[in-house]
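To start, the structure itself, in structure tokens.
Residue numbers (this note's numbering): 2 to 140.
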């Protein structure tokens, strides 16, 4: 209603407000009509001077829609930049094993370390040996 009243007050009977509203809504896309009306208050300061008012309002609707899309893209780019910065900070850190005595649970002489990794490796190797023995017995 506000749109129709504004068009009638500005242009009288020169413009068909219903046709213009349909075209403006199509050009706006996902942007609300209230955002367009706010942009219109700033952009259309001398409506009596417009030589092509229908084209003016449609162009304003397209620009308003593009501004909203641009804002969404900028938000995505900002998030992407933050993710990149965070990944670059963590990429510089090296893995430091919990035990300084062994290399993944194995000592230099081939025995298992007494750390948790060594215990886990001992259990995994025992399971692998048992599975291999079972496989040989079945074959």
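Glycine is no exception: its CB is placed at the ideal position from the N, C-alpha and C atoms.
| Check | Outcome |
| --- | --- |
| Residue 109: first and last residue of the uninterrupted alpha helix (DSSP H) it sits in | From DSSP, residue 109 is part of no alpha helix (DSSP H); its letter is neither H nor E. |
| Residue 14 burial status per 10 Å Cβ neighbour count (16 or more: buried) | exposed |
| Neighbour-count burial assignment, residue 30, 16 or more Cβ in a 10 Å radius | exposed |
| Extent of the continuous alpha helix (DSSP H) to which residue 135 belongs | 117-139 |
| CB-CB length for residue 105 against residue 122, believed under 8 Å | 7 Å |
| Residue 25 burial status per 10 Å Cβ neighbour count (16 or more: buried) | buried |
| Beta-carbon gap between residue 3 and residue 38 smaller than 8 Å | yes |
| Proximal residues to residue 41 (C-beta, below 7 Å), its chain only, five neighbours per side dropped | 61 |
| Alpha helix (DSSP H) segment containing residue 101, residue limits | Premise fails: residue 101 is in no alpha helix (DSSP H) and is neither H nor E. |
| Whole-angstrom C-beta distance between residue 63 and residue 28, which should lie under 8 Å | 5 Å |
| Alpha carbon of residue 50 to alpha carbon of residue 74, nearest angstrom | 35 Å |
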